[in-house]
Amino acid sequence: MRAMVYRGPYKVRVEEKDVPAIEHPNDAIVRVTLAAICGSDLHLYHGLMPDTRIGHTFGHEFIGIVEQVGSSVQNLQVGDRVMVPFNIFCGSCWFCVRGLYSNCHNVNPNATAVGGIYGYSHTTGGYDGGQSQYVRVPFADVGPVRIPEWMHDEDAVLLTDAAATGYFGAQLGDIAEGDTVVVLGAGPVGLIAAQSSWLMGAGRVIVVDHLQERLEKARTMAYAETLDYDEYDDVVVELKKQTDHLGADVVIDAVGAEADGNFLQQVTGTKLKLQGGSPVALNWAIDGVRKGGTVSVVGAYGPIPNAVKFGDALNKGLTLRMNQTPVKRQWPRMFEHVRNGHLTPRAMVTHRFPLEHIAEAYHVFSAKLDGCIKPLVLPDAA
Amino acid sequence: MTDPAIPSAYVRDKRTPTETREQLRARIPGWGADLDPADRPSHPRLQYAPDTTGAHWDFPERQPEKEPRERSIEHAFLTPVFGTAQPLRGLSGAIRKLAYRRFSEGRLAHWLLLIVGDRVDAWGSHLRSFASGRPDVPATGLRSELTRGGLRSRRGRSDARHQVLDPVLVAGPWVAAAAVTWTGVRRLVRALRR
Numbered sequence: 001m002r003a004m005v006y007r008g009p010y011k012v013r014v015e016e017k018d019v020p021a022i023e024h025p026n027d028a029i030v031r032v033t034l035a036a037i038c039g040s041d042l043h044l045y046h047g048l049m050p051d052t053r054i055g056h057t058f059g060h061e062f063i064g065i066v067e068q069v070g071s072s073v074q075n076l077q078v079g080d081r082v083m084v085p086f087n088i089f090c091g092s093c094w095f096c097v098r099g100l101y102s103n104c105h106n107v108n109p110n111a112t113a114v115g116g117i118y119g120y121s122h123t124t125g126g127y128d129g130g131q132s133q134y135v136r137v138p139f140a141d142v143g144p145v146r147i148p149e150w151m152h153d154e155d156a157v158l159l160t161d162a163a164a165t166g167y168f169g170a171q172l173g174d175i176a177e178g179d180t181v182v183v184l185g186a187g188p189v190g191l192i193a194a195q196s197s198w199l200m201g202a203g204r205v206i207v208v209d210h211l212q213e214r215l216e217k218a219r220t221m222a223y224a225e226t227l228d229y230d231e232y233d234d235v236v237v238e239l240k241k242q243t244d245h246l247g248a249d250v251v252i253d254a255v256g257a258e259a260d261g262n263f264l265q266q267v268t269g270t271k272l273k274l275q276g277g278s279p280v281a282l283n284w285a286i287d288g289v290r291k292g293g294t295v296s297v298v299g300a301y302g303p304i305p306n307a308v309k310f311g312d313a314l315n316k317g318l319t320l321r322m323n324q325t326p327v328k329r330q331w332p333r334m335f336e337h338v339r340n341g342h343l344t345p346r347a348m349v350t351h352r353f354p355l356e357h358i359a360e361a362y363h364v365f366s367a368k369l370d371g372c373i374k375p376l377v378l379p380d381a382a
Numbered sequence: 001m002t003d004p005a006i007p008s009a010y011v012r013d014k015r016t017p018t019e020t021r022e023q024l025r026a027r028i029p030g031w032g033a034d035l036d037p038a039d040r041p042s043h044p045r046l047q048y049a050p051d052t053t054g055a056h057w058d059f060p061e062r063q064p065e066k067e068p069r070e071r072s073i074e075h076a077f078l079t080p081v082f083g084t085a086q087p088l089r090g091l092s093g094a095i096r097k098l099a100y101r102r103f104s105e106g107r108l109a110h111w112l113l114l115i116v117g118d119r120v121d122a123w124g125s126h127l128r129s130f131a132s133g134r135p136d137v138p139a140t141g142l143r144s145e146l147t148r149g150g151l152r153s154r155r156g157r158s159d160a161r162h163q164v165l166d167p168v169l170v171a172g173p174w175v176a177a178a179a180v181t182w183t184g185v186r187r188l189v190r191a192l193r194r
C-alpha cells in the first residue's frame, strides 16, 4: 500500500508499505477514503515530539471503509463506512468507563500520561496512522462509528479531531451566559471553538491570530470579533482595554506548542528546541483572562517542560482546564449541531492533496502558504 | 454614582453593554443551544457509564507480544494492546530502550534520551538512504514555494522573521556534515599519497 512516511524533521514522503494485519481479535483494518493533516501533526513534522521514529506514518484524522475485522468484533461489518476518533481506547479501564476516552490506560505502553493516538509517535503508543491507504484500528467495537447517511465526508473527517476538539475546548471554558470568550488561534480548532462558544451562550467572542485569511474566516464562519496581534505592541494590553480592564471571562488556547508572537519563545522553543515548544499562547491566556476566570487548553503540548507563567495563574486564582479530547463522547450532540448548521466544520477546508503529494501538503501547511487553513489528504486520488 | 469613565474592573458591575438574547439569536446560528451545562457532552467531566462504551470484556484479551516491547516503568505491565510500528533497532533502539528501562516519565532524562534517539535514528537513516536509490534531502515539499506562492504568502507576516532561520536549521547540519566528510576524505587521500 502507499503511505506517508516520516524521514526526519521537515522530511516526509510516500513509500510502499505492507498492508497492516489484524493483531488482536478486536482489531479492524480500514481502507482510508479521506484523511486530514492536523496542526498537531506539524509538531511531529518539526521533530518536537519525543520518540518519533523514522518510517512512522502520521495521521489521526481519517475516515474509511472496513476491509477486515478480527474474530471478536461484533459491532462492525466489512463494508461499513466509518469515522474513527483520533483516540485509541479500550472502553473498559477505570478512565474509559468514566468517559475519559483520551486517557485510556490499556492502549499505550510507552507512557501513562497520555492515551493512544493514531500516527502520533511512540509516545502515544506506536500505532501507524491514517495518511495511508489502510490502517489498523484497535478496539473496533469501541472507537469507530458508522457515518450517518446525511453527513458529508469532509464534515465526518473533521469530526474525528479538529472540530470535536474545538467544541470540547469551549466546554472546558465552563462558559456562562454573557461571558466574554477569547479564542487564541484561528486555525481549525479555534474556529470551531469560537462557533461553539456562541452555542454555550457567550456574549462576545474575540479571536486572536495574525494571519489575515484566518481572521477573515473567524469573522465570516464564526461571527467573531478579531484581533490581529501584529497590530499591537502588546496584545494582552489590548485585550484588557477591550474588556474594560477586567480581562476575558474565558480564554481558550487553541494554538499549542508552536505559538508565534514572541521571537525568543519561538526560537528557543520550536527552532532550537531548548524547551518543549513555544508556550506564547498559554502565557497570553494566563495574562489575558480575568482574575478568577477560566483558561481552557486544547492546543497540543508535548511532555518536555515549557516556560509557563504559573505564578500568575496562581495569583489570579485561575481555573486551568485541559485534556486531549474524548472525541466519541462529543459526537451525538455534535452530529445534531452539524445537521442543524450550528457547526460548519467543512467550511474551513482550503486544500485537498492527493496522498502522492504529501510532502507538498506538509510544507504548504507548515509554512502557511497559499492561505492554507485545513488540508485534506485523498489516499486514492491519481 | 461613580464616574462612568472608571472601567468595570474597578467598580461593582460590568459596564460594557452586551447584546440581548434576542439580538444574539438573530445573528448567530444556534446561539444558546448548549446554554444548559446538562446539554454539554463533557459535563460533568467524570460520567460512570460502563455499559455505553461498546466494550464486551472486563479486561481486554492480550495482544501477542511477538518481540520484546518497550514500556514505561510507570505501567504495571505491558498494556493488553499496543502499536507494533517501527520496533526498536540499532543504536537508536538501544538509546530508546535505556530511556524506557531506566527513567520514568517524570524524569527529564527519559525525554531527552528519546530526543537523542530520534536524532540518531534520523542520521542513521539518512546515511543508509545514500546507499539506496532514493537518498534523503534536507527538506521535502519545497517545490511548493514556487507553485503555492512562497513569497506572496509571507508578505507582511511577522513570523517570516524566524522562518528565515528554517533553512539554516534544516540545511545547516547537512552542510556541516558535508564539510566534515569532504575534509576527512581529503586528508585520507593526502595520507595515502604520502
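From first to last, the protein sequence lines are chains A and B.
Under UniProt numbering, the first residue of the first sequence is numbered 1, with each subsequent residue one higher.
Under UniProt numbering, the first residue of the second sequence is numbered 1, with each subsequent residue one higher.
Ideal placement from N, C-alpha and C gives every residue a C-beta, glycine not left out.
If you're wondering where the values come from, they're calculated on a predicted model, not measured in any experiment.
**Study point:** Neighbour flag for Glu22 of chain B against chain A, beta carbons, 8 Å
**Key:** As a working mapping, residue 22 of chain B is identified with position 22 in the second sequence. Not one chain A Cβ lies under 8 Å of Glu22 of chain B.
Practice item. Return the chain-ordered list of same chain residues with a C-beta closer than 7 Å to the C-beta of Asp3 of chain B, the five sequence neighbours on each side being excluded. Key: Your numbering for residue 3 of chain B matches position 3 in the second sequence. Taking C-beta separations shorter than 7 Å and ignoring five residues to either side along the sequence, Asp3 of chain B has no partners in its chain.
Review point. Pick from A:Lys273, A:Pro25, A:Gly190: whose alpha carbon is nearest that of Gly169 of chain A?
Key: As a first step, residue 169 of chain A is located in the first sequence; it is residue number 169 there, counting from the start. When only C-alpha atoms are compared, the closest one is A:Gly190.
**Study point:** Cβ neighbour criterion (16 or more within 10 Å) applied to Gln171 of chain A
**Key:** One-based indexing of the first sequence puts residue 171 of chain A at position 171. Buried: at least 16 other Cβ atoms inside 10 Å.
**Study point:** Any C-beta of chain A under 8 Å from that of Ser132 of chain B
**Key:** Residue numbering aside, residue 132 of chain B sits at position 132 when the second sequence is read from its first letter. Output row for Ser132 of chain B: interface = no.
Practice item. Check the DSSP bridge columns for Ile117 of chain A and list the partner residues they point to. Key: To locate residue 117 of chain A, count along the first sequence from 1; it is residue 117. A:Asn87.
Point to revise | Leu159 of chain A, DSSP secondary structure in three states | key: Residue mapping note: residue 159 of chain A aligns to position 159 of the first sequence, counting from 1. Leu159 of chain A falls in the helix class under three-state DSSP.
Check your understanding: Interface residues of chain A around Ala109 of chain B at Cβ under 7 Å?
Key -> Taking the first residue of the second sequence as position 1, residue 109 of chain B is located at position 109. In chain order: nothing, as chain A lies at least about 12 Å away.
Practice item. Keeping to the same chain, check which residues put their C-beta closer than 6 Å to that of Gly117 of chain B; ignore five residues upstream and five downstream. Key: In the second sequence, residue 117 of chain B corresponds to position 117, counting from 1. Excluding residues within five positions, the ones whose Cβ falls inside 6 Å are Ser92, Ile95, Arg96.
Review point. If you drop the 5 nearest sequence neighbours on each side, which residues of the same chain put their C-beta closer than 7 Å to that of Pro326 of chain A?
Key: Translated into positions along the first sequence, residue 326 of chain A becomes position 326. Closer than 7 Å at Cβ, skipping near neighbours: Asn87, Gly99, Leu100, Tyr101, Ser102.
**Study point:** Contact set between the region 80–98 of chain B and chain A, restricted to residues whose Cβ is under 7 Å from the partner
**Key:** Cβ contacts with chain A come from Pro80, Val81, Phe82, Gly83, Thr84, Ala85, Gln86, Arg96.
**Study point:** Contacting positions in the region 88–104 of chain A - beta carbon closer than 7 Å to chain B
**Key:** Those would be Cys90, Gly91, Ser92, Cys96, Val97, Arg98, Gly99, in chain order.
Point to revise | Best match in A:Phe89, A:Ala140, A:Val250, A:Tyr223 for proximity to Thr319 of chain A [C-alpha to C-alpha] | key: On the first sequence, residue 319 of chain A is found 319 positions in, with the first residue counted as 1. Relative to the Cα of Thr319 of chain A, the nearest Cα in the group A:Phe89, A:Ala140, A:Val250, A:Tyr223 belongs to A:Val250.
Check your understanding: Can you list the residues of chain A that Pro135 of chain B reaches, using a CB-CB cut of under 8 Å?
Key -> As a working note, residue 135 of chain B is residue 135 in the second sequence. Neighbours of Pro135 of chain B on chain A: none; closest Cβ ~10 Å, over 8 Å.
Check your understanding: Can a CB atom of chain A be found closer than 8 Å to the CB of Ala122 of chain B?
Key -> Numbered from its first residue, the second sequence carries residue 122 of chain B at position 122. Interface annotation, Ala122 of chain B: in contact with chain A, CB-CB separation under 8 Å.
Check your understanding: Between Gly185 of chain A and Gly293 of chain A, is the Cβ-Cβ spacing less than 8 Å?
Key -> Along the first sequence, one-based indexing puts residue 185 of chain A at 185. Along the first sequence, one-based indexing puts residue 293 of chain A at 293. Their beta carbons are not under 8 Å apart, which means Gly185 of chain A does not touch Gly293 of chain A by this criterion.
Check your understanding: Are the CB atoms of Cys38 of chain A and His56 of chain A nearer to each other than 8 Å?
Key -> Your numbering for residue 38 of chain A matches position 38 in the first sequence. Your numbering for residue 56 of chain A matches position 56 in the first sequence. No, Cβ-Cβ distance for Cys38 of chain A and His56 of chain A is not below 8 Å.
Check your understanding: Skipping 5 residues on each side, what residues in its chain have a beta carbon closer than 6 Å to that of Val280 of chain A?
Key -> Against the first sequence, residue 280 of chain A aligns to sequence position 280. Once the five neighbours on either side are set aside, the close Cβ partners of Val280 of chain A are Ala259, Gly261, Asn262, Gln265.
Check your understanding: Which stretch, first to last residue, makes up the beta strand (DSSP E) that contains Glu149 of chain A?
Key -> One-based indexing of the first sequence puts residue 149 of chain A at position 149. In this chain, Glu149 of chain A is not harboured by any beta strand (DSSP E), its DSSP state being neither H nor E.
Review point. Considering only residues of the same chain and omitting the five flanking positions on each side of Tyr100 of chain B, which have a CB-CB separation below 6 Å?
Key: One-based indexing of the second sequence puts residue 100 of chain B at position 100. Counting only Cβ-Cβ distances below 6 Å, and skipping sequence neighbours, we find Glu70.
Check your understanding: Do Gly54 of chain B and Gly125 of chain A have their CB atoms nearer than 8 Å?
Key -> Position 54 of the second sequence, counting from 1, holds the residue named residue 54 of chain B. Position 125 of the first sequence, counting from 1, holds the residue named residue 125 of chain A. Taking 8 Å as the Cβ cut-off, Gly54 of chain B and Gly125 of chain A do not qualify as a contacting pair.
**Study point:** Reduced DSSP category for Ser132 of chain B - H, G, I as helix; E, B as strand; rest coil
**Key:** In the second sequence, residue 132 of chain B corresponds to position 132, counting from 1. Here Ser132 of chain B sits in coil by DSSP.
Check your understanding: Are Val364 of chain A and Leu165 of chain B touching if we call contact CB-CB under 8 Å?
Key -> Start at 1 with the first residue of the first sequence, and residue 364 of chain A comes out as number 364. Start at 1 with the first residue of the second sequence, and residue 165 of chain B comes out as number 165. No, they are not a contact pair.
Check your understanding: Of the residues A:Leu199, A:Glu177, A:Val135, which one's Cα is nearest the Cα of Phe62 of chain A?
Key -> Your numbering for residue 62 of chain A matches position 62 in the first sequence. When only C-alpha atoms are compared, the closest one is A:Val135.
Review point. Going by C-alpha distance, which of B:Leu108, B:Asp13, B:Asp136 is nearest Gly302 of chain A?
Key: The sequence position of residue 302 of chain A within the first sequence is 302, counting from 1. Distance from the Cα of Gly302 of chain A is smallest, within the candidate group B:Leu108, B:Asp13, B:Asp136, for B:Leu108.
Review point. Does the region 128–148 of chain A come close enough to the region 78–88 of chain B to have 3 or more Cβ pairs within less than 8 Å?
Key: As far as the Cβ criterion goes, the region 128–148 of chain A touches the region 78–88 of chain B, which means the pair count is three or higher.
Exercise for review: Flag Leu146 of chain B as yes if its beta-carbon sits less than 8 Å from any beta-carbon of chain A, otherwise no.
Suggested key: Here residue 146 of chain B corresponds to residue number 146 of the second sequence, with the count starting at 1. Not one beta carbon of chain A lies nearer than 8 Å to the beta carbon of Leu146 of chain B.
Review point. For a contact meaning CB atoms closer than 8 Å, what does Trp31 of chain B contact in chain A?
Key: Taking the first residue of the second sequence as position 1, residue 31 of chain B is located at position 31. Correct list: Trp198, Leu199, Gly201.
Check your understanding: Can you list the residues of chain C that Phe59 of chain B reaches, using a CB-CB cut of under 7 Å?
Key -> As a matter of chain content, chain C is missing from the structure shown, whose protein chains are A and B.
Check your understanding: If you count every other CB in all the chains shown that lies within 10 Å of the CB of His152 of chain A, and 16 or more means buried, which is it?
Key -> Reading the first sequence from its first residue, position 152 is the one you call residue 152 of chain A. Under the 10 Å beta carbon count, His152 of chain A is surrounded by fewer than 16 other beta carbons and is classified as exposed.
Exercise for review: Check whether the region 143–161 of chain A touches the region 111–125 of chain B, counting contact only when three or more Cβ pairs, one atom from each stretch, lie closer than 8 Å.
Suggested key: With a cut-off of 8 Å on Cβ pairs, the region 143–161 of chain A is not in contact with the region 111–125 of chain B, counting fewer than three such pairs.
Check your understanding: On the three-state DSSP scale, how would you describe Thr79 of chain B?
Key -> In the second sequence, residue 79 of chain B corresponds to position 79, counting from 1. When secondary structure is reduced to three states using DSSP, Thr79 of chain B falls in the coil class, being assigned neither helix nor strand.
Review point. For Pro305 of chain A, which residues from the same chain have a beta carbon less than 7 Å from its beta carbon, with the 5 sequence-adjacent residues on both sides left out?
Key: The residue labelled residue 305 of chain A in the question sits at position 305 within the first sequence. Once the five neighbours on either side are set aside, the close Cβ partners of Pro305 of chain A are Gln275, Gly276.
Check your understanding: Are there 16 or more other CB atoms within 10 angstroms of the CB of Glu177 of chain A, so buried, or fewer, so exposed?
Key -> Here the question's residue 177 of chain A lines up with position 177 in the first sequence. With fewer than 16 other Cβ atoms inside 10 Å of its own Cβ, Glu177 of chain A counts as exposed.
Check your understanding: What do you get for Tyr48 of chain B, buried or exposed, if any count of 16 or more other CB atoms within 10 angstroms of its CB means buried?
Key -> Within the second sequence, residue 48 of chain B is the residue found at index 48, counting from 1. Label assigned to Tyr48 of chain B: exposed.
Check your understanding: Counting pairs of Cβ atoms below 8 Å between the region 64–82 of chain A and the region 6–26 of chain B, do you hit three or more?
Key -> Proximity of the region 64–82 of chain A to the region 6–26 of chain B falls short of the contact definition, fewer than three beta-carbon pairs being nearer than 8 Å.
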